[in-house]
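Notes for the one structure printed next.
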Amino acid sequence: MKILFMKITLRACWVHSLKEKRMIVKSIIQKLKNKFNISVSEIADMDIHQRIVIGITGVCANSSQEDSTMENIINFVENSTDAEIINIEKEDLM
979 MKILFMKITL RACWVHSLKE KRMIVKSIIQ KLKNKFNISV SEIADMDIHQ
1029 RIVIGITGVC ANSSQEDSTM ENIINFVENS TDAEIINIEK EDLM
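Quick note on our numbering: the sequence shown kicks off at 979 and runs consecutively.
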């Protein structure tokens, strides 16, 4: 059993208020939860308008499923929002 842990940082340069940012974050989080059955939350920089940092955790059966899920999550985030991915941190647990 493998635990998937990722931190994805996005930049949304067109956002001018925390209200706009919240709408984007809620949308991304809900879509990820529905599609991948994982835990997702905004974890940092909550007061910075144009920066979104989300943490993702999940349980996978093996390393290949973990790698595949990570790649699918990254592709999904790239395709489901106009925000630009500026950093991805992955951590191997177990």
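Cβ atoms here follow ideal geometry from the backbone N, Cα and C, with glycine treated the same way. Owing to the predicted nature of the structure, the values given are computational and were not obtained by experimental measurement.
> By a C-beta neighbour count over all protein chains shown, 10 Å radius and 16 as the cutoff for buried, is residue 1067 buried or exposed?
Replying inline: Classification of residue 1067: exposed, given that the 10 Å Cβ count is below 16.
> I think residue 1021 touches residue 1031, with their Cβ atoms under 8 Å apart; what is that distance to the nearest whole Å?
Replying inline: 6 Å
>> Under DSSP, the beta strand (DSSP E) around residue 984 begins and ends at which residues?
In response: According to the DSSP assignment, residue 984 belongs to the beta strand (DSSP E) that extends over 980 to 989.
>> Tell me the rounded alpha-carbon separation between residue 1007 and residue 979.
In response: 24 Å
> Starting from residue 1018 and walking both ways along the beta strand (DSSP E), at which residues does that stretch end?
Replying inline: 1017 to 1022
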